[in-house]
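Protein chains in written order, with the numbering used here: chain A, 1 to 165; chain B, 1 to 283.
Glycine included, C-beta positions come from ideal geometry on N, C-alpha and C.
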């Protein structure tokens with residue numbers, strides 16, 4: 001028999017799944033691994049979020065969206081804390097999130113490498129449009145903090161990659 | 001080793017030491033972020049315009065995270081820390097405040113300026129590039145050290161930031177190596193810039209009066225140790241770029257004690273101008 005807390009927890013995660021990344025609207029904050037933890041008490045819900053990038057301008061938007069989504073789901077007292085433990089890594093993006101990124105036209109990130117990172121590692125990316133491995137890294141920076149720019153030599157178009165972080 | 005998990009665990013010796021360290025880290029990030037953002041829209045090639053804008057945004061984000069940590073320790077909120085302090089209260093090193101784009105600070109805006117092209121030609125992106133390379137390597141060394149800090153919130157944040165800074169060091173190394181050996185002109189300009197900046201880069205590691213408190217509490221290693229690690233990282237890259245480190249260079253100190261040149265005052269005047277029209281207002 002499910003307790004009230006278990007039901008509440010399920011409802012919280014469902015509500016969080018409705019909150020989309022403002023810059024990549026096809027993925028939710030859950031898909032992106034941004035939710036570090038949820039604490040459900042009888043009188044309050046606390047959500048801990050771990051930011052993708054410390055300078056991400058969408059952080060406050062996501063915090064407000066999370067609060068609103070939970071209040072819409074019937075939770076009156078909601079707190080959203082920004083934490084760096086666990087630190088966000090692109091490894092936290094779910095399989096579902098990666099699939100949605102690719103569908104959106106963004107190459108999903110390869111495995112994150114905490115310490116060193118070589119150009120070759122970032123350059124090894126398949127084209128999200130035609131799946132070809134014949135791609136060239138154009139820039140390790142892009143229009144947002146999370147993106148690198150590549151070019152597909154097979155279907156001859158640029159594409160962006162979510163950077164492994 | 002005692003781990004200080006919460007701000008309340010800092011004592012009379014460690015608390016002011018941590019506050020000073022956080023101001024140094026935050027101010028370095030804010031000021032170099034601001035300097036790098038000056039190239040947005042006018043970078044020498046599109047990729048570098050994007051690179052510097054992106055790295056600027058990263059460092060401003062890092063600065064904000066450190067200012068928030070300071071606020072948790074009883075300092076004012078980040079808005080006020082950023083926009084209400086005069087230059088004497090800033091603890092950034094001299095390297096990050098150096099001006100390489102004339103007219104960027106207080107001498108008149110570039111937009112709608114009849115001498116805009118002239119001002120841009122007087123800009124020296126080479127200075128910003130070498131500065132960014134030297135700083136990013138120091139940043140990486142420091143964050144790697146702080147990952148093991150006994151002050152846990154700092155250890156967690158440093159671990160996160162280290163993951164982002166690896167793109168900054170990758171950028172710096174790629175460009176130094178490519179441009180160092182590209183043409184005689186690029187090699188000469190990089191060398192003269194490196195020679196000019198080297199004393200200021202050594203100034204990143206200016207010791208403060210909190211050295212022993214930080215080291216004893218295992219919050220941050222001594223500056224000389226970080227400087228040695230930094231030197232061992234940058235020396236092979238500089239050599240690979242066909243450049244030489246100036247011999248007998250004296251470090252340029254003063255920034256960590258609030259002593260800055262006029263360029264920081266000019267930068268702050270421009271940065272704080274809108275806020276100061278109505279301090280504390282909600283825009």
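Chain-ordered chain A contacts of residue i [CB-CB under 7 Å]
{"i": "residue 65(B)", "result": "54"}
{"i": "residue 77(B)", "result": "Neighbours of residue 77(B) on chain A: none; closest Cβ ~14 Å, over 7 Å."}
{"i": "residue 171(B)", "result": "140"}
{"i": "residue 47(B)", "result": "139"}
Residue i - containing alpha helix (DSSP H), residue span
{"i": "residue 270(B)", "result": "262-277"}
{"i": "residue 229(B)", "result": "223-240"}
{"i": "residue 103(A)", "result": "95-104"}
{"i": "residue 196(B)", "result": "184-202"}
{"i": "residue 175(B)", "result": "152-180"}
{"i": "residue 4(A)", "result": "4-16"}
{"i": "residue 219(B)", "result": "No alpha helix (DSSP H) contains residue 219(B), which DSSP labels as neither H nor E."}
{"i": "residue 252(B)", "result": "No alpha helix (DSSP H) contains residue 252(B), which DSSP labels as neither H nor E."}
{"i": "residue 78(B)", "result": "78-84"}
{"i": "residue 94(B)", "result": "94-97"}
{"i": "residue 122(A)", "result": "119-123"}
Where residue i falls, given that 16 or more other Cβ within 10 Å makes a residue buried
{"i": "residue 239(B)", "result": "exposed"}
{"i": "residue 45(B)", "result": "exposed"}
{"i": "residue 281(B)", "result": "exposed"}
{"i": "residue 221(B)", "result": "buried"}
{"i": "residue 193(B)", "result": "buried"}
{"i": "residue 107(B)", "result": "Confidence at residue 107(B) is low in this model, with a pLDDT of 49, below 50, so the placement of that residue is unreliable and no value is reported for it."}
{"i": "residue 36(B)", "result": "buried"}
{"i": "residue 190(B)", "result": "buried"}
{"i": "residue 37(A)", "result": "exposed"}
{"i": "residue 216(B)", "result": "exposed"}
{"i": "residue 58(A)", "result": "buried"}
{"i": "residue 259(B)", "result": "exposed"}
{"i": "residue 274(B)", "result": "exposed"}
{"i": "residue 232(B)", "result": "exposed"}
{"i": "residue 288(B)", "result": "Here chain B comprises residues numbered 1 to 283, so residue 288(B) is not present and cannot be evaluated."}
{"i": "residue 87(B)", "result": "buried"}
{"i": "residue 284(B)", "result": "Limits of chain B in this structure are 1 at one end and 283 at the other, which puts residue 284(B) out of reach."}
{"i": "residue 136(B)", "result": "buried"}
{"i": "residue 160(B)", "result": "buried"}
{"i": "residue 69(A)", "result": "buried"}
{"i": "residue 141(B)", "result": "buried"}
{"i": "residue 52(A)", "result": "buried"}
{"i": "residue 268(B)", "result": "buried"}
{"i": "residue 54(B)", "result": "buried"}
{"i": "residue 153(B)", "result": "buried"}
{"i": "residue 100(A)", "result": "buried"}
{"i": "residue 283(B)", "result": "exposed"}
{"i": "residue 153(A)", "result": "exposed"}
{"i": "residue 95(B)", "result": "buried"}
Range covered by the beta strand (DSSP E) that runs through residue i
{"i": "residue 158(A)", "result": "157-162"}
{"i": "residue 31(B)", "result": "Here residue 31(B) belongs to no beta strand (DSSP E); instead the alpha helix (DSSP H) covers 14-37."}
{"i": "residue 149(A)", "result": "147-152"}
{"i": "residue 131(A)", "result": "That residue, residue 131(A), is in no beta strand (DSSP E); it is neither H nor E in DSSP."}
Residue i: contacting residues in chain B (beta-carbon distance under 8 Å)
{"i": "residue 87(A)", "result": "156, 159, 160 and 163"}
8 Å Cβ cut-off: residues of chain A touching residue i
{"i": "residue 60(B)", "result": "55"}
{"i": "residue 38(B)", "result": "Residues of chain A passing the Cβ test: none, with the nearest at roughly 17 Å."}
{"i": "residue 174(B)", "result": "119"}
Partners in chain B for residue i, counting only beta-carbon separations shorter than 7 Å
{"i": "residue 145(A)", "result": "54, 57 and 58"}
{"i": "residue 84(A)", "result": "156, 157 and 160"}
Interface partners of residue i on chain B, CB under 9 Å
{"i": "residue 142(A)", "result": "50 and 54"}
Residues that DSSP places opposite residue i in a beta bridge
{"i": "residue 148(B)", "result": "Answer is none; residue 148(B) lacks a bridge partner."}
{"i": "residue 54(B)", "result": "Answer by DSSP bridge pairing: none, since residue 54(B) is not bridged."}
{"i": "residue 28(A)", "result": "20(A)"}
{"i": "residue 139(A)", "result": "149(A)"}
9 Å Cβ cutoff, residue i in contact with chain D
{"i": "residue 218(B)", "result": "You won't find chain D in this structure, because its protein chains are A and B."}
Next item on the list: Could you pull out every unbroken beta strand (DSSP E) segment of at least 3 residues lying fully inside the region 32-114 of chain A, listed in chain order?
Entry: 35-40, 45-49 and 78-82
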